[in-house]
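Scroll down for the structure; my scribbles are underneath it.
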Amino acid sequence: MKNIGYFLREAGKIIRYNSVSNIFSFLGTGLILFLLGLVVAVWGISSQLVVLLQQEAEISAYFDKLPENPEDIINSIKSIDGVWNVSYVGAEEARSRMENILGDESHILDLFEKNPFEPYLEIRIHLDKIDPVLQSIRNIKGIDYVRDNREVLEQIKGISRALEILGYLVIAAVSITTLVIISHMIRQGIYHNREQIKTLRLLGAPDRFIGFPFVLVGFLLTFGGGLLASALITVLINRGYAQLGGAMPFIPLPPKDRLLLGIVTLLLSGSAALGILGSLFGLSSINKENQG
Amino acid sequence: MIKARNVSLVYRDGTVALDDVNLDLHAGGLYYVIGPSGSGKTSLMKLLIGIEFPTTGFLEVMGQPMRKRETAKIRKLRRDIGPVFQEFKLISGRTAIENVIMGMRFLDIPMNKAKELAKNALVRVGLEHKAFTLVDRLSYGEAQRVAIARAVARRPALILADEPTGNLDHDNAVKIFRLLESFKDRNTTVLITTHATHLIGGCNADALLCVEKGKISIERRGGRT
Ligand SMILES: Nc1ncnc2c1ncn2[C@@H]1O[C@H](COP(=O)(O)OP(=O)(O)O)[C@@H](O)[C@H]1O
Ligand SMILES: [Mg+2]
Numbered sequence: 001m002k003n004i005g006y007f008l009r010e011a012g013k014i015i016r017y018n019s020v021s022n023i024f025s026f027l028g029t030g031l032i033l034f035l036l037g038l039v040v041a042v043w044g045i046s047s048q049l050v051v052l053l054q055q056e057a058e059i060s061a062y063f064d065k066l067p068e069n070p071e072d073i074i075n076s077i078k079s080i081d082g083v084w085n086v087s088y089v090g091a092e093e094a095r096s097r098m099e100n101i102l103g104d105e106s107h108i109l110d111l112f113e114k115n116p117f118e119p120y121l122e123i124r125i126h127l128d129k130i131d132p133v134l135q136s137i138r139n140i141k142g143i144d145y146v147r148d149n150r151e152v153l154e155q156i157k158g159i160s161r162a163l164e165i166l167g168y169l170v171i172a173a174v175s176i177t178t179l180v181i182i183s184h185m186i187r188q189g190i191y192h193n194r195e196q197i198k199t200l201r202l203l204g205a206p207d208r209f210i211g212f213p214f215v216l217v218g219f220l221l222t223f224g225g226g227l228l229a230s231a232l233i234t235v236l237i238n239r240g241y242a243q244l245g246g247a248m249p250f251i252p253l254p255p256k257d258r259l260l261l262g263i264v265t266l267l268l269s270g271s272a273a274l275g276i277l278g279s280l281f282g283l284s285s286i287n288k289e290n291q292g
Numbered sequence: 001m002i003k004a005r006n007v008s009l010v011y012r013d014g015t016v017a018l019d020d021v022n023l024d025l026h027a028g029g030l031y032y033v034i035g036p037s038g039s040g041k042t043s044l045m046k047l048l049i050g051i052e053f054p055t056t057g058f059l060e061v062m063g064q065p066m067r068k069r070e071t072a073k074i075r076k077l078r079r080d081i082g083p084v085f086q087e088f089k090l091i092s093g094r095t096a097i098e099n100v101i102m103g104m105r106f107l108d109i110p111m112n113k114a115k116e117l118a119k120n121a122l123v124r125v126g127l128e129h130k131a132f133t134l135v136d137r138l139s140y141g142e143a144q145r146v147a148i149a150r151a152v153a154r155r156p157a158l159i160l161a162d163e164p165t166g167n168l169d170h171d172n173a174v175k176i177f178r179l180l181e182s183f184k185d186r187n188t189t190v191l192i193t194t195h196a197t198h199l200i201g202g203c204n205a206d207a208l209l210c211v212e213k214g215k216i217s218i219e220r221r222g223g224r225t
């Protein structure tokens, strides 16, 4: 530890020697890490949506005409295997539920002259029996159509899966690019310092000692990029939540702080690891030179 | 300290730099390696510090066999050697004292102790007033003395000085020789090469290693051991 000041000064020197390309590699790493953060954020939101929709094993059944006696229909639905609760939602109730969901935006409902909602049945079922249950309900007289969330669920699942794959691709792209950029920077630094490195070896300095400033440079550049990306993504998610929360209040977003914490942790630890790995790659070129 | 048995060094281009060299140098000795330019003095130094390896024969420095596949051990061995290179190899962009400290950063010497040793070494070579001057601004003779300070500050068991009087005039050259000789003690062996045989008249060497076209013959001297 007695050399920590020396190592930092050396790292500073190496960075300053090639300051322009070092600034660009810092910015470049920051931006691709930001892209990664973005993809991960959208993926996180969509997979949260999938989980919520899956939990909600609830279907709605609409009447073909207003029944005089909904009790009969309710009872026959209740008797279906796999159904565990049926409740009647009147038109007024349907409207007030939507008002709750819309919150501040609920005034748009006032644009309708009369209540646009019709009464329906809210049916809670066991998810694994969804197919036969749907079949049976459709066959009951007085039921016009049944709406389940499977189609939406499948679509969002598809999006989420695509985002997951995209996420892995971006992770691969970020890793490869960062490793190449950093190991290249380190190699340049080593080339620039070759005389000093040779001398240190002749004096008996271990490779650990010679290489540490370079690992520090790799770490500082990519971790700096990680910090930049984290700052950008924090600003973006804060804004996004403020806007989405207002405009589309019915989208169930995961808790903001948890999402941010996850992404920032990923970006910082990932960038630190990539930086160290990249400089170790770059350093391996030292050893190819002759030991002289 | 140094043991050579039938050592030869042939460079890749076929030049025979050293030919059937046999040596037994003792710890605490003072040795001059003399011979005309191109005779193989630097080549011997390169072997002793592990820059080159014997093409044939066996060489041992402080108990360490000098073989190419033992580079890690040879790197450690170098920590006990104080080298003064013909072209100094000071690290540019740094002050004299930083250069001297550099030779100790990776040793088990606490920082304040290293600073003290560096300062003492610079005093010893008469350069304390240039301690904080960039080595790039030093004269040839001053740079030479910084290189010597770096070599001796860490108290090596073996000091290897290759042509340390290079371009110096007679008086300064003799001063450098006397200075290097002064570091010889019970635990420190000193090896100095020079082509300037006329300058070593008053030296206190235990032996002269006379190099001639890669062959080394040994001329014993009284020394002051
Ligand atoms: N790296 C090398 N490759 C080929 N020949 C070399 C090399 N280094 C030195 N020589 C040759 O080896 C011989 C001895 O050189 P050197 O040991 O430098 O002599 P000195 O130090 O006594 O002047 C010379 O003929 C020189 O040209
Ligand atoms: Mg020479």
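Chains as they are written, first to last, in the working numbering: chain A, 1 to 292; chain B, 1 to 225.
For each residue, glycine too, the CB sits at the ideal point set by N, CA and C.
Thinking just about the alpha-carbon of each residue, which of the options is nearest to the one in residue i?
i              : options                        : result
F58 (chain B)  : B:N99, B:K3, B:S37, B:K76      : B:K3
G278 (chain A) : A:I45, A:Q188, A:P206, A:V180  : A:V180
Q48 (chain A)  : A:Q135, A:I156, A:N238, A:Q188 : A:I156
Y140 (chain B) : B:K215, B:N99, B:D169, B:V152  : B:D169
G158 (chain A) : A:L280, A:R16, A:S46           : A:S46
G245 (chain A) : A:D104, A:A205, A:I190, A:I197 : A:D104
M185 (chain A) : A:L216, A:G226, A:L202         : A:L216
Q196 (chain A) : B:M104, B:G93, B:A27, B:F177   : B:G93
I286 (chain A) : A:D207, A:Q243, A:G270         : A:D207
Could you check the C-alpha separation between residue i and residue j for me, to the nearest Å?
i              : j              : result
I91 (chain B)  : I171 (chain A) : 41 Å
L38 (chain A)  : N149 (chain A) : 27 Å
S106 (chain A) : E92 (chain A)  : 14 Å
L53 (chain A)  : L153 (chain A) : 6 Å
E87 (chain B)  : Q144 (chain B) : 9 Å
A272 (chain A) : F219 (chain A) : 6 Å
S183 (chain A) : Y168 (chain A) : 22 Å
Y11 (chain B)  : V21 (chain B)  : 16 Å
E60 (chain B)  : M1 (chain B)   : 8 Å
V133 (chain A) : Y120 (chain A) : 17 Å
T234 (chain A) : L260 (chain A) : 7 Å
D13 (chain B)  : P54 (chain B)  : 15 Å
N3 (chain A)   : F214 (chain A) : 14 Å
L18 (chain B)  : M45 (chain B)  : 11 Å
L253 (chain A) : L267 (chain A) : 21 Å
G292 (chain A) : G240 (chain A) : For G292 (chain A), the predicted model reports a pLDDT of 45, less than 50, meaning its position is unreliable; a value from the coordinates is still stated below. Going by the C-alpha atoms only, they are around 58 Å apart.
R226 (chain B) : E52 (chain B)  : With chain B covering 1 to 225 only, the question about residue 226 (chain B) has no answer from this structure.
K213 (chain B) : L122 (chain B) : 37 Å
T222 (chain A) : T197 (chain B) : 58 Å
V86 (chain A)  : V146 (chain A) : 13 Å
I237 (chain A) : T265 (chain A) : 15 Å
P255 (chain A) : G44 (chain A)  : 11 Å
E308 (chain A) : I263 (chain A) : One cannot answer for residue 308 (chain A) here, as it falls past the ends of chain A, which runs 1 to 292.
G270 (chain A) : A131 (chain B) : 44 Å
N120 (chain B) : L127 (chain B) : 10 Å
Output yes or no for whether 7 Å exceeds the beta carbon distance between residue i and residue j.
i              : j              : result
I59 (chain A)  : I123 (chain A) : yes
D162 (chain B) : T56 (chain B)  : no
A61 (chain A)  : I130 (chain A) : no
S37 (chain B)  : H195 (chain B) : yes
L166 (chain A) : F34 (chain A)  : no
G282 (chain A) : R187 (chain A) : yes
I125 (chain A) : V83 (chain A)  : yes
I203 (chain B) : I34 (chain B)  : According to the sequence as given, residue 203 (chain B) is Cys; it is not Ile. Cβ atoms of C203 (chain B) and I34 (chain B): not closer than 7 Å.
R95 (chain A)  : F112 (chain A) : no
S207 (chain B) : R186 (chain B) : This sequence places Ala at residue 207 (chain B); Ser is not what is there. Not in contact: A207 (chain B) and R186 (chain B) (Cβ atoms no closer than 7 Å).
F7 (chain A)   : F212 (chain A) : yes
A173 (chain A) : G30 (chain A)  : no
R137 (chain B) : N99 (chain B)  : no
I296 (chain A) : T177 (chain A) : One cannot answer for residue 296 (chain A) here, as it falls past the ends of chain A, which runs 1 to 292.
Y32 (chain B)  : A157 (chain B) : no
K184 (chain B) : L30 (chain B)  : yes
L117 (chain B) : A173 (chain B) : no
Is residue i near ligand 1 - that is, is its Cβ less than 6 Å away from at least one heavy atom of it?
i              : result
D13 (chain B)  : yes
S217 (chain B) : no
S92 (chain B)  : no
S37 (chain B)  : yes
A17 (chain B)  : yes
Any heavy atom of ligand 2 within a distance shorter than 6 Å of the CB on residue i?
i              : result
K213 (chain B) : no
T42 (chain B)  : yes
Show which residues of chain E have a CB atom less than 7 Å away from the CB atom of residue i.
i              : result
M111 (chain B) : The chain labelled as chain E is not found among the protein chains of the depicted structure, namely A and B.
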